[in-house]
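*Asks:* Mind looking over this structure? Questions follow.
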């Protein structure tokens with residue numbers, strides 16, 4: 001089953017900066033061959049259900065292997081059967097196309 005997951009691995013019992021652990025998870029994801037995209041508070045990953053769950057487990061194992069005594073992860077998982085082959089990029093593209101139609105309209109709530 002095609003799956004898109006958003007997950008955030010939180011190393012616990014270590015220093016305040018967790019960048020080194022995040023980097024290791026990104027290495028795990030790169031080796032997995034799955035499509036993924038890191039963002040400020042986690043990572044999106046897509047693939048078959050078992051592969052996505054496996055790579056999240058491998059991230060836990062990698063962080064523990066770095067000496068982290070405890071790891072907590074929050075996960076949101078979505079699956080669809082009505083749109084075969086839709087990717088993370090496709091989902092983003094649809095929203096970007098909607099926003100492109102609003103090119104002349106400025107949303108002041110988010111303007112910098």
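Residue numbers (UniProt numbering): 1 to 112. Don't be surprised by glycine CBs; every beta carbon is placed ideally from N, CA and C. In this text the structure is predicted, and so the values were computed from the model without any measurement.
1) Return the chain-ordered ranges of every alpha helix (DSSP H) run that is complete within the UniProt domain "Thiamine-binding protein" (5–96) and spans a minimum of 4 residues.
2) Expressed to the nearest angstrom, what Euclidean distance is found between the alpha-carbon atoms of residue 26 and residue 45?
3) In whole angstroms, what separates the C-alpha of residue 21 from that of residue 74?
4) Could you compute how far the alpha carbon of residue 61 sits from the alpha carbon of residue 55?
5) Smallest Cα separation from residue 6: which of 68, 78, 84, 97?
6) Determine the contact status of residue 84 and residue 71, defining contact as a CB-CB distance below 7 Å.
7) Determine, using beta carbons only, whether residue 102 comes closer than 7 Å to chain C.
8) Just confirm the distance between the C-beta atoms of residue 18 and residue 59, as a whole number of angstroms; I'd bet it's less than 8 Å.
*Replies:* Let me spell this out:
1) 19–32, 49–65
2) 11 Å
3) 16 Å
4) 10 Å
5) 78
6) no
7) Annotation note: the requested chain C is absent from the structure, which comprises a single protein chain.
8) Not quite, the Cβ-Cβ distance comes to about 12 Å (not below 8 Å), so this is no contact.
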